[in-house]
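The next block holds one structure in the form of structure tokens; read it before the comments.
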Amino acid sequence: MPKSNGCRTLLLLIPPLLFLFPTAALISILERISKNTFYSNLQRSFRTGAFQLVLPRPGGGPDIGLSLDFNHAPILVILGICVIAYAVTVLSAAGIWQLKKVEGTSRHERVWVWVVLIANVIMIGVSLGGFGYATSVQASDGTWRDYEDAGRPDQELTRETWACQIHSLFPGEGWAGTACGTSQAMRYLLLPMAVAAMAVLGSLWVLVRGRGGLKWLFGGKGRYAGFRGAYELQPQEQGTVYSGPLPPVQWQGQQGQQWAPQAYQPYGQQLYGQQPAQPLAPQPQVVAQVSKSDANVEQRPVYQ
1 MPKSNGCRTL
11 LLLIPPLLFL
21 FPTAALISIL
31 ERISKNTFYS
41 NLQRSFRTGA
51 FQLVLPRPGG
61 GPDIGLSLDF
71 NHAPILVILG
81 ICVIAYAVTV
91 LSAAGIWQLK
101 KVEGTSRHER
111 VWVWVVLIAN
121 VIMIGVSLGG
131 FGYATSVQAS
141 DGTWRDYEDA
151 GRPDQELTRE
161 TWACQIHSLF
171 PGEGWAGTAC
181 GTSQAMRYLL
191 LPMAVAAMAV
201 LGSLWVLVRG
211 RGGLKWLFGG
221 KGRYAGFRGA
231 YELQPQEQGT
241 VYSGPLPPVQ
251 WQGQQGQQWA
261 PQAYQPYGQQ
271 LYGQQPAQPL
281 APQPQVVAQV
291 SKSDANVEQR
301 PVYQ
């Protein structure tokens, strides 16, 4: 598998770094805004330590005093989910960075894949579960129908319920509308958080598919696995079952012949003392001589 370039790696890191982490951070920021906005308009009883609020009745009439008791469970659940999201973001970014190119052992890469996979599945589950829980608590709190409902004692409601009910019965309290809107946004942002975790799983699937898909994930060699020996590269005949590379064969060399030094032979003699054959030189043929005076040209001695 070729090394991932910078743009591809950046695209794979977008879901955890630009979707999941900012969503969790935004929820945390909205919680601080909602809390500061709400508590800045409350009064604290010096005798009981309870939070109190006095609201003017619209259209005139006596003011309505509220004693606020809070159910903090939904807020704590949402903040706990944000903490989990921060941890999942770190694990996801580290895992994608480790898997951006094929290096190391398959076992090492599979461990990272399973860590990122399980972390984001948990993230999806807790996000949807937290949204369902917070919504059910809001539904169980009920609504105020009149000012008498608002003035009932011993009401333990969530911050979102207090803010939204005050805003509905007392429109002049603008701060209650701000606290209500931010509290509702916190709860509904759990759904985009689950979607962001699904997007992280999409980036993870791109990396797993490049290695061979589910077969590689569950222990297979995968698409880009290395060969254990050169024999695996050779074509196999049909009907034969590959049983692994053959064991190396040690070369058994023949025993070398013993060489004994030979006695010095004069130049021209062979190894066994035989005289070399002498080349036959042409022998001159002598023709009978006759005196020059009596011999003609044909009878003069000629050496051939």
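Each residue of the sequence shown is one higher than the last, beginning at 1 in UniProt numbering.
Glycine included, C-beta positions come from ideal geometry on N, C-alpha and C.
Since we're looking at a predicted model, the values are computed, not measured.
Assigned exposure category for residue i - 16 Cβ within 10 Å defines buried
{"i": "Asn36", "result": "exposed"}
{"i": "Phe46", "result": "exposed"}
{"i": "Cys82", "result": "buried"}
{"i": "Ala197", "result": "buried"}
{"i": "Arg8", "result": "exposed"}
{"i": "Gly95", "result": "buried"}
{"i": "Arg152", "result": "exposed"}
{"i": "Leu42", "result": "exposed"}
{"i": "Leu10", "result": "exposed"}
{"i": "Arg44", "result": "exposed"}
{"i": "Arg211", "result": "buried"}
{"i": "Arg228", "result": "Residue placement at Arg228 is poorly supported in this model, since its pLDDT is 41, which falls under 50; the coordinates are not used for a value here."}
{"i": "Val200", "result": "buried"}
{"i": "Thr182", "result": "buried"}
Inter-residue CB distance, residue i and residue j (contact presumed, cutoff 8 Å)
{"i": "Val77", "j": "Leu20", "result": "The pair is not a contact, with the Cβ atoms about 18 Å apart (cut-off 8 Å)."}
{"i": "Arg159", "j": "Ile75", "result": "6 Å"}
{"i": "Gly213", "j": "Pro15", "result": "Actually they do not touch by this definition, with Cβ atoms about 20 Å apart."}
{"i": "Leu17", "j": "Ala93", "result": "6 Å"}
{"i": "Val113", "j": "Leu217", "result": "6 Å"}
{"i": "Leu204", "j": "Leu117", "result": "6 Å"}
{"i": "Ala24", "j": "Tyr86", "result": "6 Å"}
Of the listed residues the options, nearest to residue i (C-alpha basis)
{"i": "Ala150", "options": "Arg187, Thr178 and Ile166", "result": "Ile166"}
{"i": "Val54", "options": "Gly6, Lys215, Val90 and Tyr147", "result": "Tyr147"}
{"i": "Gly80", "options": "Ile14, Trp216, Leu66 and Ile27", "result": "Ile27"}
{"i": "Ala50", "options": "Gln155, Leu12, Val115 and Leu207", "result": "Gln155"}
{"i": "Cys164", "options": "Thr178, Pro153 and Arg152", "result": "Thr178"}
{"i": "Arg209", "options": "Phe131, Ala119, Ala134 and Glu109", "result": "Glu109"}
{"i": "Asp63", "options": "Asp69, Gln52, Asn71 and His72", "result": "Gln52"}
{"i": "Glu73", "options": "Thr161, Lys215 and Val200", "result": "Here residue 73 turns out to be Ala, not Glu, going by the sequence shown. When each option's Cα is compared against that of Ala73, the closest is Thr161."}
{"i": "Val90", "options": "Leu68, Leu13 and Leu207", "result": "Leu13"}
{"i": "Lys215", "options": "Thr48, Ser106, Glu173 and Ser40", "result": "Ser106"}
{"i": "Phe131", "options": "Val195, Asp69, Trp175 and Pro22", "result": "Val195"}
{"i": "Tyr39", "options": "Leu68, Gly181, Pro22 and Ile29", "result": "Leu68"}
{"i": "Leu157", "options": "Thr48, Gly6, Phe70 and Pro22", "result": "Phe70"}
{"i": "Gly219", "options": "Gly174, Val111 and Gly6", "result": "Val111"}
{"i": "Glu31", "options": "Cys180, Thr48 and Arg145", "result": "Cys180"}
Cβ contact (3+ pairs, closer than 8 Å) linking the region 122 to 139 and the region 178 to 196:
yes
Could you say if the region 84 to 99 and the region 178 to 188 meet the contact criterion of at least three C-beta pairs nearer than 8 Å?
no
Count Cβ pairs between the region 162 to 179 and the region 58 to 69 that sit closer than 8 Å; are there 3 or more?
yes
Does the region 137 to 144 touch the region 103 to 123, meaning 3 or more C-beta pairs lie closer than 8 Å?
no
Go through the region 56 to 109 residue by residue and report every complete run of the alpha helix (DSSP H) that reaches 4 residues or more, in order.
73 to 99
Any chance you could list the alpha helix (DSSP H) runs of at least 4 consecutive residues sitting entirely within the region 140 to 207, in chain order?
147 to 150, 159 to 169 and 174 to 188
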